[in-house]
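A.B. asks: My questions will all concern the structure given below.
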Amino acid sequence: MKSSMHHNEFGNIAALWKRFMPRQKEIGNRSNNELIALQIYDDFNAMENPFNIWACVEVSNINTVPDGMASFTILEGDYAVFLHKGMNASKTYQQIMTEWLPTSGYEIDNRPHFQVMGAKYINGSPNSEEDFYVPIRLIKN
């Protein structure tokens, strides 16, 4: 399921997950129990430009997609993976963009960004953990 929004429209994100969670049992061929929040930007600037967000799960094949849902395939490429702990995801993302990225030798690639919420993810808990996947490519000189 997906929704369109700007970076500060957190109510839309909550509404998307509220619609998705009861329906996830309809999805066959699940690879695991993880949840995936996936963002697609037409022109990446997380703080300025609107984006589409998807509530997802990983499946082994997409032969059957429940009504009102769509399939999405993440293209191959390099991703930087960061462990996020706690509830302030925007702070972690800001550190990635302003501290790690400028000194990494990489730049943001035009592919989806996503977060994987596995067994250690606890919604609303300061002890929650999730992995942030940021699409990257080497900076060409």
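Position one of the sequence shown corresponds to residue 1312 (the working numbering), numbered consecutively onward. Cβ atoms here follow ideal geometry from the backbone N, Cα and C, with glycine treated the same way. Bear in mind that the values here come from a model prediction, so they are computed numbers and not experimental data.
1. At the level of alpha carbons, what is the spacing between residue 1441 and residue 1352?
2. According to DSSP, is residue 1316 part of a helix, a strand, or is it coil?
3. Among 1367, 1339 and 1355, which one has its Cα closest to the Cα of residue 1348?
4. Compare the C-alpha of residue 1430 against each of 1346, 1414, 1399 and 1338 and name the closest.
5. If distances are taken between C-alpha atoms only, which option among 1377, 1370, 1383 and 1422 comes closest to residue 1333?
6. Rounded to a whole number of angstroms, what is the C-alpha to C-alpha distance between residue 1339 and residue 1419?
C.D. replies: The answer reads as follows:
1. Within the model, the alpha-carbon separation for residue 1441 versus residue 1352 is close to 21 angstroms.
2. Here the model assigns residue 1316 a pLDDT of 48, short of 50, so the residue's position is not dependable, and the following value carries that caveat. Three-state DSSP puts residue 1316 in a strand.
3. The option with the nearest alpha carbon to residue 1348 is 1367.
4. Ranking the options by Cα distance to residue 1430, first place goes to 1346.
5. Comparing Cα-Cα distances from residue 1333 to each of 1377, 1370, 1383 and 1422, the minimum goes to 1377.
6. Distance between residue 1339 and residue 1419, taken at the CA atoms: about 33 angstroms.
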